[in-house]
Amino acid sequence: MAQLILRRLVYPGRLGITLFILPFLVATASVQGVNAQSEVEKGLEIAQKARDADRGFENFIGEMTMILRNKQGQENKRSLRIKVMEVSGDGNMSLFVFDNPRDVKGTALLIHGHLTGTDDLWLYLPALKRVKRISSSNRSGSFVGSEFAYEDLGSLEVEKYTYKWLRDEKCGDLDCTVTEYKPSEKGSGYTKMLLWHDKDELRVWKIEYYDRKNAHLKTLVHEDYEQYLGQYWRSKHSNMVNHITGKSTEILWDQIQFRTDLNEGEFTKTGLRRVR
């Protein structure tokens, strides 16, 4: 049973020329260069502002229900607790602890995010009573059979992507920007992501994921945002759809609390063995 759980948790998922007068060509290229540069700068600015809007939260905890659905609509539910701690000068630390169903109860995932380079991930399997490191080659794999990959679970650090603003458009009743994020790391399972931010609060409403063949693999939609401490927004309802398999994973958040009494000792490999 332990080996079966291990395979389910860490197995990687799938993944004619028109001639113009030379001076006109030069002038056109110059204008395109200016436009391209401004699109890159605007994309970076959006990403930086979105990051800055969420700084200073210190930590938060919450309870999550994951509803996994296959192409036929059959459901499989998982419940877990989440703890996230902000780290000065580095990426966030996150801890996921499963409570149900029984075959994954006590399983825990620890993520140490980094501003640059690959995040560190460790998985605790209670049946084996050991901590397993998730290699960078496995980070595009499915997280507990869901449509979320391990790399989807970390925070979007500005330094790990290049950016390009694509357009402005409506997100329902909101005015949004559409920005292309391209991962800088070669180990990513994605060639690019498209993010929809609303202009007023810089909340992410939708993400489209494109695989290594540049095919539209998945779409994540966030809804039901709630504000905490007068500043920090969190979506309480999200849905990830895999356009290749027809499967989906719905996320429901509850009991979200900010600035609790978390300590760094809970986010260590040793701490993983003590989770209950």
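Residues are numbered in the numbering used here as their position in the sequence shown, beginning at 1, plus a constant of 678. Here a beta-carbon is modelled for each residue, glycine too, at the ideal position from N, C-alpha and C.
Query, Result
"To which residues of the same chain is residue 798 closer than 6 Å at the C-beta, ignoring the five residues directly before and after it?", "790"
"Can you tell which of 852, 741, 801 and 770 has the C-alpha that lies nearest to the C-alpha of residue 835?", "770"
"Keeping to the same chain, check which residues put their C-beta closer than 7 Å to that of residue 721; ignore five residues upstream and five downstream.", "841, 842, 843, 857 and 858"
"If you scan the segment 738 to 824 from start to end, which runs of the beta strand (DSSP E) of 3 or more residues do you find wholly inside it?", "753 to 763, 771 to 778, 786 to 790, 798 to 803 and 808 to 812"
"Under a Cβ-count criterion, where at least 16 other Cβ atoms within 10 Å of its own Cβ denotes burial, should residue 904 be classed as buried or exposed?", "exposed"
"By how many angstroms is the C-alpha of residue 917 removed from the C-alpha of residue 825?", "9 Å"
"Taking the Cβ atom as the reference point for each residue, do residue 733 and residue 744 lie within a distance shorter than 8 Å?", "no"
"Taking only three categories from DSSP, how would you classify residue 893?", "coil"
"Among 913, 827, 864 and 754, which has the Cα closest to the Cα of residue 787?", "827"
"Distance cutoff 8 Å, beta carbons only. Does residue 800 sit that close to anything in chain B?", "No chain B is present in this structure, which holds just one protein chain."
"Tell me whether the segment 734 to 753 and the segment 847 to 867 touch, counting them as touching only if at least three CB pairs, one residue from each stretch, are closer than 8 Å.", "no"
"Skipping 5 residues on each side, what residues in its chain have a beta carbon closer than 6 Å to that of residue 913?", "900 and 903"
"Just how far apart, CA to CA, sit residue 937 and residue 953?", "20 Å"
"Could you please give the first and the last residue of the uninterrupted alpha helix (DSSP H) stretch that includes residue 950?", "947 to 950"
"Measure the alpha-carbon distance for residue 935 versus residue 758 and round it to whole angstroms.", "15 Å"
"Using only alpha-carbon positions, find the residue among 775, 871 and 861 that is nearest to residue 804.", "775"
"Please report how far the alpha carbon of residue 710 lies from the alpha carbon of residue 946, in whole angstroms.", "Confidence at residue 710 is low in this model, with a pLDDT of 48, below 50, so its placement is unreliable and no value can be given for it."
"Roughly how many whole angstroms lie between the Cα atoms of residue 778 and residue 848?", "39 Å"
"Please go through the segment 883 to 931 and give each complete beta strand (DSSP E) segment of 3 or more residues, from N-terminal end onward.", "894 to 906 and 910 to 920"
"How far does the beta strand (DSSP E) with residue 858 in it extend, from its first residue to its last?", "852 to 861"
"Can you list, in chain order, the residues of its chain with a C-beta nearer than 6 Å to that of residue 731? Leave out the 5 residues immediately preceding and following it.", "880"
"To the nearest angstrom, how far is the alpha carbon of residue 768 from that of residue 866?", "19 Å"
"Give the range of the beta strand (DSSP E) segment to which residue 873 is assigned.", "868 to 876"
"For residue 730, which three-state DSSP category applies?", "helix"
"For residue 832, does the count of other Cβ atoms within 10 angstroms reach 16, so buried, or fall short, so exposed?", "buried"
"Have a look at 726, 747 and 761 and flag the residue whose alpha-carbon is nearest the alpha-carbon of residue 741.", "761"
"With residue 872 and residue 886 assumed to form a contact (beta carbons below 8 Å), what rounded beta-carbon distance in angstroms separates them?", "4 Å"
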